[in-house]
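Asker:
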Ligand SMILES: [Zn+2]
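Residue numbers (our numbering): 35 to 321.
1) Near residue 214, which residues of its chain fall below 7 Å by C-beta distance, leaving aside the five closest residues on each side in sequence?
2) Taking the C-alpha atoms as reference points, what is the distance between residue 265 and residue 251?
3) Express the C-alpha separation of residue 167 and residue 160 in angstroms, rounding to a whole number.
4) Of all the options 151, 117 and 193, which has the alpha carbon lying nearest to the alpha carbon of residue 260?
5) According to DSSP, is residue 92 helix, strand or coil?
6) What number of angstroms, rounded off, separates the C-alpha of residue 98 from the C-alpha of residue 278?
7) Examine the Cβ distances between the stretch 200-208 and the stretch 181-191 and report whether three or more of them are shorter than 8 Å.
8) Looking only at DSSP bridge pairs, what is residue 200 linked to?
9) Any residue with its C-beta under 6 Å from a non-hydrogen atom of ligand 1 counts. Can you list them all in chain order?
10) For residue 99, does the three-state DSSP call read helix, strand or coil?
11) Does the Cβ-Cβ distance between residue 197 and residue 174 come in under 9 Å?
12) Let's test the definition: count the other Cβ atoms within 10 Å of the Cβ of residue 146 and tell me whether it reaches 16, buried, or not, exposed.
13) By the three-class DSSP mapping on this structure, what secondary structure does residue 69 have?
14) Helix, strand or coil for residue 173 per DSSP?
15) Can you tell which of 192, 268, 271 and 111 has its C-alpha closest to the C-alpha of residue 143?
16) Contact defined as beta carbons within less than 8 Å: I believe residue 194 pairs with residue 152. What is the distance between those atoms, to the nearest angstrom?
17) Exposed or buried, what is residue 100 when buried is set at 16 or more other beta-carbons lying within 10 Å of its beta-carbon?
18) Who are the near neighbours of residue 211 in its chain, counting only those whose CB is closer than 7 Å to its CB and skipping five residues on each side?
19) Let me know if residue 248 comes out buried or exposed under the rule of 16 or more other beta-carbons within 10 Å of its beta-carbon.
20) Run through the DSSP bridge pairs and tell me what residue 150 is partnered with.
21) Would you identify the three-state DSSP class for residue 208, choosing helix, strand or coil?
22) Could you say which of 115, 96, 135 and 149 lies nearest to residue 122 if we only look at CA atoms?
23) If distances are taken between C-alpha atoms only, which option among 171, 245, 206 and 180 comes closest to residue 190?
24) Kindly give me the distance between the Cβ atoms of residue 263 and residue 113, rounded to whole angstroms, as I take these residues to be in contact under 8 Å.
25) Please say whether residue 254 and residue 134 have beta carbons closer to each other than 9 Å?
26) So, for residue 140: in the same chain, excluding its five sequence neighbours on each side, which residues have a beta-carbon less than 6 Å away from its beta-carbon?
27) Between which two residues does the alpha helix (DSSP H) carrying residue 264 extend?
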C-alpha cells in the first residue's frame, strides 16, 4: 500500500472518508526532518484502494492472521520502558490488513502503549488524554513549523515522558492535528534520523518517510537512550515485509526512488509548484 504513517509515519487514501466530505487534503510531509515543506509533491500516492481486512482468525497478540503470526519475532517479554506512547489512530487505519500498530503494541507493556481510535478528541470526551496533553513531559511527533528535533530535546527530567503519535495517512494525520486543539498543546517534535523506511510494501513518498511503528521505534530509542529498543521493535516489521515479499507482494519504492530511476509512471503535474517539487526530489534535495 501507499506510504502511510505519519509522524509519524503514515499516508494513504487521501482523507476521502471524512464525514463532512471535506476536500482532499494535501498530504503531510515526512515527520522526518520536515523543513517547512507542504508535502504537495506527494499527492496522488494516496489514491490506492484501502485493503479491507479479511475475516480470518487473528492471533490475539500480534493481530496478524493466525497462519502468518509474527509472534516469534516479538520480544519474549514486553520491553521495559518508562516512556508511554499514545497512538492516535485514524479509523481508516484500523481496517488495513498491513497495519503496524498491533505489532508495536505487542512489543510494549499494555500501560505504555495506548491506542485511541477516532478523528475528534474533545476535552470532555477524553479527559485522560486532555490531562496528558497538558503535562509538560508530553511531546507530540508532528512535523509542524515549530517542531524541534527529538534528539535536541532536553529529556533529563526524572518524570516519565509521554509521546503522542498520529497513525494515519499524511492527510489524515494533518486533518486530525488541525481539528483537535488538544494536540497543539504539547511540544512538537520531529525525527532527524537517517533510518530509511524498511516498510517497503506500502509506498512512502520518500525513503525517509517512516511507518508509525518505525517512528515509534526511533523515538523510543532516543527517549529511553537505548538503541537496542529500535532493533527489537523493528524486527516484527522486517519479518512482515519479508513474508509479504516472499508471497508475491511487490516492493513499493518511494516516489523519490521511482523518479530518480525513471520509473515514475504517473503523468507529470501541470502545476508549476508541483513540478518544482518533483525536480527537487529528483535532484536529491531534501523537501
Ligand atoms: Zn501472533
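Glycine included, every Cβ here is placed at the ideal spot set by N, Cα and C. Bear in mind the structure is a predicted one, so any value in this text is a computation, not a measurement.
Answerer: With the structure as the only source:
1) Here residue 214 refers to the residue found at position 180 when the chain shown is read from its first residue. Closer than 7 Å at Cβ, skipping near neighbours: 154 and 155.
2) Stepping through the chain shown from its first residue, residue 265 is reached at position 231. Stepping through the chain shown from its first residue, residue 251 is reached at position 217. If I take the Cα positions, the gap works out to 8 Å.
3) Translated into positions along the chain shown, residue 160 becomes position 126. Translated into positions along the chain shown, residue 167 becomes position 133. Whole-angstrom Cα-Cα distance: 11 Å.
4) The residue you call residue 260 lines up with position 226 of the chain shown. Closest by alpha carbon: 117.
5) As a position in the chain shown, residue 92 is number 58, starting the count at 1. Note: residue 92 maps to strand in three-state DSSP.
6) For this step, residue 98 is matched to residue 64 along the chain shown. For this step, residue 278 is matched to residue 244 along the chain shown. So the two alpha carbons sit approximately 12 Å from each other.
7) no
8) Walking along the chain shown from the start, residue 200 turns up at place 166. 122.
9) 93, 95, 96, 98, 103, 104 and 105
10) On the chain shown, position 65 is the one that residue 99 refers to. Here residue 99 sits in strand by DSSP.
11) Taking the first residue of the chain shown as 1, we reach residue 197 at position 163. Taking the first residue of the chain shown as 1, we reach residue 174 at position 140. Cβ atoms of residue 197 and residue 174: closer than 9 Å.
12) Taking the first residue of the chain shown as 1, we reach residue 146 at position 112. The residue is buried, with at least 16 neighbouring Cβ atoms inside 10 Å.
13) Start at 1 with the first residue of the chain shown, and residue 69 comes out as number 35. Bear in mind that the predicted position of residue 69 carries a pLDDT of just 39, short of 50, making it unreliable; the figure below should be weighed with that in mind. If DSSP states are grouped into helix, strand and coil, residue 69 belongs with coil.
14) Position 139 of the chain shown, counted from the start, is the residue given in the question as residue 173. Residue 173: strand per DSSP, three-state reduction.
15) Counting from 1 along the chain shown, the entry for residue 143 is found at position 109. Ranking the options by Cα distance to residue 143, first place goes to 111.
16) As a working mapping, residue 194 is identified with position 160 in the chain shown. As a working mapping, residue 152 is identified with position 118 in the chain shown. About 25 Å separates the two Cβ atoms, so there is no contact after all.
17) Sequence index remark: in the chain shown, residue 100 carries index 66 (1-based). Residue 100 comes out exposed.
18) Walking along the chain shown from the start, residue 211 turns up at place 177. These residues qualify, in order along the chain: 176, 200 and 217.
19) Taking the first residue of the chain shown as position 1, residue 248 is located at position 214. When all chains shown are included, residue 248 counts as buried.
20) The count along the chain shown starts at 1 and reaches residue 150 at position 116. In DSSP, residue 150 forms a bridge with 122.
21) As a working note, residue 208 is residue 174 in the chain shown. Residue 208 falls in the helix class under three-state DSSP.
22) Reading the chain shown from its first residue, position 88 is the one you call residue 122. Per the Cα distances, 149.
23) Taking the first residue of the chain shown as 1, we reach residue 190 at position 156. It is 171 whose Cα lies nearest to the Cα of residue 190.
24) Numbered from its first residue, the chain shown carries residue 263 at position 229. Numbered from its first residue, the chain shown carries residue 113 at position 79. The pair is a contact, with the Cβ atoms about 6 Å apart (cut-off 8 Å).
25) One-based indexing of the chain shown puts residue 134 at position 100. One-based indexing of the chain shown puts residue 254 at position 220. Not in contact: residue 134 and residue 254 (Cβ atoms no closer than 9 Å).
26) For the purposes of this step, residue 140 is identified with residue 106 of the chain shown, where counting begins at 1. Counting only Cβ-Cβ distances below 6 Å, and skipping sequence neighbours, we find 95, 96 and 108.
27) By one-based count along the chain shown, residue 264 stands at place 230. Unbroken alpha helix (DSSP H) run through residue 264: 262-280.
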